[in-house]
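**Q**
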Amino acid sequence: MDQIVLQILNGLDKGSAYALIALGLTLIFGTLGVVNFAHGALFMLGAFCTVTVNRILNLGFVPEGATTQSVGGFNFGSPKETPYLEHWFGEAAGQAIVDWSVPLSILFAIPVMLLIGVIMERGLIKHFYKRPHADQILVTFGLAIVLQEIIKYYYGANQIPAPAPEAFVGSFDFGAMIGMDAGAIIYPYWRIVYFVFALIVISAMFAFLRYTTFGMVVRAGMADRETVTILGINVDRRFTIMFGIAAAVAGLAGVMYTPINSPNYHMGMDFLVISFVVVVVGGMGSLPGAVLAGFLLGILESFASMREVIEFLPGVNQVVIYLAAIVILLTRPRGLMGRAGVMED
Amino acid sequence: MLGLNKKDAGLLFFVAILLVFAPFLLNPFPESSSLAQFNAGYPDLMQRFAIFGIFAIGFNILFGLTGYLSFGHAAFLGAGSYASVWMLKLLTINVIPAIIISTLVAGVFALLIGIVSLRRSGIYFSILTLAFAQMAFALAASVLTPITGGETGLQTALNDPRILDGANETGNIPSPSLFGLETGATWQMPVGDWLFTFNAGYYMCAVMMLIAFYVSLRIFSSPFGLLLKAIKTNQNRLNYTGVSTRPYMLACFVISGMYAGLAGGLMVSMDPLAGAERMQWTASGEVVLMVILGGAGTLIGPVLGAGFIKYFENIFSKINKSVLEGWFSFMPEGLQDIFVTILYPFVGKGWHLTLGVLFMLVVIFLPGGLVEGGKRIGKLFGRRKSKDTETGETNPAPAE
Amino acid sequence: MGILEVQNVNKRFGGLQALGNVNLNVEEGSVHAIIGPNGAGKSTLLNCFVGRLIPDTGSVMFQGQSLLGIKPHEINQMGVSRVFQTPEIFTDLTVLENVMIPAFAHRDGAYKLNPFARVAKEAEIRDLAEHTLEDMGMKDKLTMTASAMSRGDKRRLEMAMCLVQDPKLLLLDEPTAGMARADTNKTIDLLKHIGETRGITKVVIEHDMHVVFSLADKISVLAQGTVLVEDLPENIKGHPKVREAYLGEAQV
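Chains as they are written, first to last, in our numbering: chain D, 967 to 1311; chain W, 539 to 938; chain H, 165 to 416.
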């Protein structure tokens, strides 16, 4: 029993990331009809927003009169820098701000990702609405490579750690909280934070689509683009904004994921492949399907990683998502919740 | 000639000439000149031209003719590689059995994956092939380590049985050979300031590529090829025309997979090593790129695309900051710095950035690839009548 | 016994009864027209003949053999060809290639994997395709890419693609829809001509009464998924039930 609960919990954080990326992919596909292979790169860009914010917050200067650090006669080169933040706000406040740099990055990432999304749509994607899906895949694939290589050029090829705030470092005994044996289910705080964050973003997206006129038009556009255009509604501008929002969602997923997995330049590609599988399993063009499939596959993956399962079926943890995708595509061609007529030919 | 019409025979002849004289054509710059770094006439690179040419030709038979975009073709290349390393280990160091088996193994692999994947089309087909390839990659890197050598890869060793070769007396790991002629054997010919290198392995690959190209020419001009083109255009009509599309697609997929396997077998014959990363989806993406860049659905396109990408990959990777500085040294210092700074991210380790940009530019402005570009330039100079270029590729060839 | 016998065919889409107890008997060598107002179920019925839809109940027999559950390409191989309402052709290929493909399918069966045969050497198929196109008055367009043709030509091309297979039964879904009057007359002549020389049985769905009465040997009137009348053209013209079905459509 506790094993089951533990594996479900373990699947939630990856599942959240899958769900968030898949949600954006589906939005873009549903509204714009574009298969966006650069979506993983947007996730990666989000993660590097955190890295950037972290670096900006740690910017410092050399106080006047500071001497070169030397330990035991060895000269360590540059003198110790004092971060501007500590200089301005005092040591405690400055360090607190740096400590909370990951959540703070959200504020930075939202406008940046929105802007990147809008530029991408206006500058590139909009020219591909009428082109075949193969062309869309290829051009966005090229864009993904470009974005990834730019990041690699400026930030290097290594992973860059971005720790969670002190308050959320460490784990807690989830088992004891729900009345099981103490120590049965130990769960890191940040994963819960990530899951809750994902739920908030997903709910916000659904509420936005359901209860605002903007969302209504977008949903109508997803169902029948031509009719909406005929009604005299400027769908194009809304779709641009929608692309920006999808980019921001992917970016936020990346921002908050950094403490779980230190960002590197190719993390987007790793997630992209699985996210596409998620979208297809959920059903091309179905938002609830994408979210559901994201969590399901995340949990499935964590179950497959159990020691008992691996002993029985070695390597299954590596392939279970693809296996699930193959089975579902063959038995339910439209995915779990797909509509008829989407990408049928 | 050889059952080809004039135009195809001309293409075959053109490719044959390119392949035979590649050691000269790719080494146009004297050794002592500063342009020598643009020479590409050394064995390793020439082998890659031919091998990736085969891979791309095979991929084009699938994607170019039927429009089915496979994102998992590297799996067949990988399967072929592993199979041929095993042949070199177990049977003989002679590469012939290795190449044959690699092609067959990849064919069987493609048959199995094709039976499942071809039940869907469009993006679903792409995702299914991607899923299978990623599975193959993940398993090869982990659980299948006894067969694949895991992350370190599979290679020949001194104590391999090699049952046909008899006792190994030299005490060295033998190199792959073609009936005793090592594929690494090279012969150099200095002519003045030029140095031309001829490599046994390269010519073996070149012969295989010529055969592969010939087979692709025949497929393109066969009723089978015509039906594959029809599948791309209107599969629905084809069903109501009494054609069962599944066997055609499957045959096409298997042939295409066998090309990939052949390429894998040749890679191992040149360098007896196979690693899991050969199956990764980035490797699949690379071959898609070659075909698109050259011109999908055209005959010569994939060959050009493969050559183009492999050449520039090699050249760009070699350029470093000091080389750039050398080029722009004639400029005033400030200007030189600006140029070097702008170009530096695109060269050396930044080759992938160039590749990505190039890829986007081709898809955006030149969907027909290099072949289309060549035609446009040709039109510009009025060398061809416009009628020719419009109907060139799809016309049934007039009987000779 | 007719070449195509349809008995008690029912088809439901959710709550909609698309076809209700449809009976049809098509005589060999005849032209059988199916007319009826929009949404009467004409195209649905045709889809049941070619394997695109399977009726919920009832039987469809072609030359005494059931067509239910048989795949489209197998039905075609039995000798049933179909012309679609919007032309289904191979737009990227040339006109000649468009017609050669069905010719191959007719000669070689559902599949023949011959990657080393050569299209250029198939003189027999080529001649057949050229002759068929000549019959259709398209001899001058052999090397044209199909997508570049006019709508009327696309329809004639599709007809040629069906005729080159020498079908026993030809199904035509509104062969003259959207055509100008001159084009329509040309098509009527073509269809008549084919009927005389080859004796192909034809089932025609048509809106244009001019076409129907120029061609048909027998007419079935379909309305709301059921056959109202099946009779000779001269009896259909003044039939009260038909008038009722077409109320507001003053063509009859």
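Cβ coordinates follow ideal geometry from the N, Cα and C atoms, glycine included. It should be emphasised that the depicted structure is a prediction, and the values quoted were computed from it without experimental measurement.
So with CB distances below 7 angstroms, who are the chain D contacts of W/Ala669?
**A** Within 7 angstroms Cβ-Cβ: Val1243, Tyr1288, Ala1291 and Ile1292.
**Q** I want to see whether chain W comes within less than 8 angstroms of H/Asp330, judged by CB atoms only; does it?
**A** So, not an interface residue.
**Q** Taking C-beta pairs closer than 7 angstroms, name the residues in chain H that W/Tyr882 reaches, listed in chain order.
**A** Those within 7 angstroms of W/Tyr882 in chain H number zero; the least Cβ separation is about 44 angstroms.
**Q** Please look up how many angstroms separate the CB atoms of W/Thr836 and W/Val909, rounded, as I've assumed it's under 8 angstroms.
**A** With 8 angstroms as the limit, W/Thr836 and W/Val909 qualify as a contact, their Cβ atoms being about 4 angstroms apart.
**Q** Does the region 214-230 of chain H come within contact of the region 304-317 of chain H, defined as at least 3 CB pairs closer than 8 angstroms?
**A** Cβ pair count under 8 angstroms is below three, so no.
**Q** Am I right that D/Phe1014 and D/Tyr1121 are in contact with their C-beta atoms under 8 angstroms? What's the rounded C-beta distance?
**A** That pair is a contact at about 6 angstroms.
**Q** Leaving out five residues on either side along the sequence, give the residues of the same chain with a beta carbon under 7 angstroms from the beta carbon of D/Asn976.
**A** Taken in chain order, the residues that qualify are Ser1268.
**Q** Who are the neighbours of W/Tyr797 on chain H, taking C-beta pairs under 8 angstroms?
**A** Residues of chain H passing the Cβ test: none, with the nearest at roughly 13 angstroms.
**Q** What does the Cβ neighbour count give for H/Leu392, buried or exposed, with the cut at 16 atoms within 10 Å?
**A** Flag for H/Leu392 reads buried.
**Q** Under a three-way DSSP split, which group does H/His295 fall into?
**A** In the structure shown, H/His295 sits in a helix (DSSP, three-state: H, G or I).
**Q** Taking 8 angstroms as the limit between beta carbons, can you name the residues of its chain near W/Gln514, skipping five residues before and five after?
**A** Nothing can be reported for residue 514 of chain W: it is not among the residues displayed for chain W, which extend from 539 to 938.
**Q** Taking the alpha carbon of D/Phe1163 as the point to measure from, which residue in D/Val1215, D/Ser1241 and D/Ile1276 has its own alpha carbon closest?
**A** Taking only the C-alpha atoms, the option nearest D/Phe1163 is D/Val1215.
**Q** Would you say D/Leu998 and D/Tyr1095 are within 8 angstroms of each other, going by their C-beta atoms?
**A** Taking 8 angstroms as the Cβ cut-off, D/Leu998 and D/Tyr1095 qualify as a contacting pair.
**Q** Taking C-alpha atoms, which residue in W/Thr879, W/Ala798 and W/Val633 lies nearest to W/Gly610?
**A** Cα-wise, what sits closest to W/Gly610 is W/Ala798.
**Q** Indicate whether H/Leu334 and H/Ser245 have their beta-carbon atoms separated by less than 8 angstroms.
**A** Yes, they are a contact pair.
**Q** State the Cα-Cα distance for the pair D/Pro1127 and D/Ile1226, rounded to the nearest angstrom.
**A** The straight-line gap from Cα to Cα measures roughly 9 angstroms.
**Q** Residues of chain W with CB under 8 angstroms from H/Asp256, in chain order?
**A** Neighbours of H/Asp256 on chain W, chain order: Lys767, Lys770, Thr771 and Thr932.
**Q** What residues in the region 744-759 of chain W bring their beta carbon closer than 9 angstroms to a beta carbon of chain H?
**A** Taking 9 angstroms as the Cβ-Cβ cut-off against chain H, the residues of the region 744-759 of chain W that qualify are Val753, Arg756, Ile757 and Ser759.
**Q** If I'm right that D/Ala1075 touches D/Gly1012 with Cβ under 8 angstroms, what's the distance once you round it to whole angstroms?
**A** That pair is a contact at about 6 angstroms.
**Q** Who does W/Tyr752 pair with in a DSSP beta bridge?
**A** None, per the DSSP bridge assignment.
**Q** Please name the residues in the region 268-294 of chain H whose beta-carbon is closer than 9 angstroms to at least one beta-carbon of chain W, in chain order.
**A** Against chain W - using a Cβ distance shorter than 9 angstroms - the residues of the region 268-294 of chain H are Phe268, Ala269, His270, Asp272, Gly273, Ala274, Tyr275, Lys276, Leu277, Asn278, Pro279, Phe280, Ala281, Arg282, Val283, Ala284, Lys285, Glu286, Ala287, Ile289 and Arg290.
**Q** Hey, would you say W/Gly739 sits closer than 8 angstroms to W/Met817, going by beta carbons?
**A** Their beta carbons are not under 8 angstroms apart, which means W/Gly739 does not touch W/Met817 by this criterion.
**Q** Which of the three DSSP states is assigned to H/Glu398 in this structure?
**A** The answer is helix: DSSP assigns H/Glu398 an H, G or I state.
**Q** So, using beta-carbon positions, are D/Tyr1231 and D/Ala1123 closer together than 8 angstroms?
**A** The answer is yes: Cβ separation under 8 angstroms.
**Q** Looking at W/Ala671 and W/Ala613, is the spacing between their C-beta atoms short of 8 angstroms?
**A** A contact, by the Cβ cut-off of 8 angstroms.
**Q** I need the DSSP call for H/Met343, collapsed to helix, strand or coil.
**A** Residue state, collapsed to three classes: coil.
**Q** Identify whether D/Pro1254 lies in helix, strand or coil by the three-state DSSP scheme.
**A** In this structure, D/Pro1254 counts as helix in the three-state DSSP scheme.
**Q** Quick check on this structure: which residue in D/Leu1113, D/Pro1154, D/Ile1116 and D/Pro1254 has the alpha carbon closest to the alpha carbon of D/Leu972?
**A** Closest by alpha carbon: D/Pro1154.
**Q** Helix, strand or coil for H/Met225, going by three-state DSSP, please let me know.
**A** Residue state, collapsed to three classes: strand.
**Q** List in chain order: all unbroken alpha helix (DSSP H) runs of 4+ residues lying wholly within the region 823-852 of chain W.
**A** Runs found: none.
**Q** Secondary structure at W/Met869, three-state DSSP: helix, strand or coil?
**A** Looking at W/Met869 - three-state DSSP - the assignment turns out to be coil, as it is neither helix nor strand.
**Q** Drop a sphere of 10 angstroms on the beta-carbon of D/Val1068, count the other beta-carbons inside from all chains shown, and report buried for 16 or more, exposed for fewer.
**A** Classification for D/Val1068: buried.
**Q** Tell me the residue span of the beta strand (DSSP E) that contains W/Met808.
**A** Note, W/Met808: premise wrong, no beta strand (DSSP E); alpha helix (DSSP H) at Thr783 to Met808.
**Q** Alpha carbons only, please: which of D/Met1272, D/Gln969, D/Asp968 and D/Leu986 is nearest the one belonging to D/Phe1312?
**A** The requested residue 1312 of chain D is not part of the displayed model; chain D covers only 967 to 1311.
**Q** If you compare alpha carbons, which of W/Ala834, W/Tyr620, W/Asn774 and W/Gly886 is closest to W/Val861?
**A** Cα-wise, what sits closest to W/Val861 is W/Gly886.
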